[in-house]
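Heads up: take any position in the sequence shown, counting from 1, add 23, and you land on the numbering used here.
All C-beta atoms in this analysis are idealised placements derived from N, C-alpha and C, irrespective of residue type, glycine included.
None of the values given here were measured: they were computed from a predicted structure.
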Amino acid sequence: MKSRNAAVAVAVFLMLSPGSLFADCPTISSHACCGGGFTWKTYAFTLDCATISGGVSVVTDTNCSLGSVHSVSNNASTQTVVYQYTIPTTSTGWEIRVDYDFNNGGDSSNFIQAAYTVTRGGSQVDSGTFLNRSDSWPCGVASDNPNSWNAGDILVVTISLRATNSSSYAKVAGLTLFKVPA
Numbered sequence: 024m025k026s027r028n029a030a031v032a033v034a035v036f037l038m039l040s041p042g043s044l045f046a047d048c049p050t051i052s053s054h055a056c057c058g059g060g061f062t063w064k065t066y067a068f069t070l071d072c073a074t075i076s077g078g079v080s081v082v083t084d085t086n087c088s089l090g091s092v093h094s095v096s097n098n099a100s101t102q103t104v105v106y107q108y109t110i111p112t113t114s115t116g117w118e119i120r121v122d123y124d125f126n127n128g129g130d131s132s133n134f135i136q137a138a139y140t141v142t143r144g145g146s147q148v149d150s151g152t153f154l155n156r157s158d159s160w161p162c163g164v165a166s167d168n169p170n171s172w173n174a175g176d177i178l179v180v181t182i183s184l185r186a187t188n189s190s191s192y193a194k195v196a197g198l199t200l201f202k203v204p205a
């Protein structure tokens, strides 16, 4: 009886609690300018929206004011940050963007890369690499646009980070998608 009462109490708590125990991925906001003549939507993915490999940590980036970022430093293997999203609306105006901060620590074998694939009905219909750096680049922005995707397409963005020595680091903020027009 006690376990049933505990289960009911937990269920009631979850129903009445503000917010969610899980991140909403992404947060979607609409924007307009120029008398409403130009509109777009922003799809902001927080760090919680990503699947990460074991060597990725979350730190605060003060160099570029990126806030919380996924980071790799002094790790001998390549680490990954992966975002996946089902495209909600057919449009030709999709843009992918990531903000990053990268220092190769004097070793050109260190890198930061970002690539995407789009599948439709189980078959790949689009792919591309929009970031591929082995030279240091503070406060960078990488993007790919315009992209034409259909509602139901599955977008996977994979960010690969390698920083093998103590003076190197690779940091990336959360993923952002834009869609024009909204």
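For S131, same chain residues with a beta-carbon under 8 angstroms away, outside a window of 5 residues either side, are S157 and D158 in chain order. By the 16-neighbour rule on beta-carbons within 10 angstroms, I135 is buried. For A137, the enclosing beta strand (DSSP E) begins and ends at F134 to R143. Note: L200 is bridge-paired with Y66 and I119 in the DSSP secondary-structure output. Cβ atoms of C87 and D124 come within 8 angstroms of each other, at about 5 angstroms. Between V95 and A193, the CB-CB gap stays under 8 angstroms. Spatial neighbours of T152 in its own chain (CB-CB distance under 6 angstroms, excluding positions within 5 residues in sequence) are listed in chain order as A138. Pairing R185 with G58, the inter-Cα distance amounts to about 45 angstroms. Membership of D158 in any beta strand (DSSP E) is not indicated, and neither H nor E is assigned to it by DSSP.
Between Q107 and V179, the gap from beta carbon to beta carbon is short of 8 angstroms.
Beyond the five residues adjoining it in sequence on each side, A99 comes within less than 8 angstroms, by CB distance, of T187 in the same chain, given in chain order. Shown here, D130 sits in coil according to DSSP, grouped into three states, outside any helix or strand.
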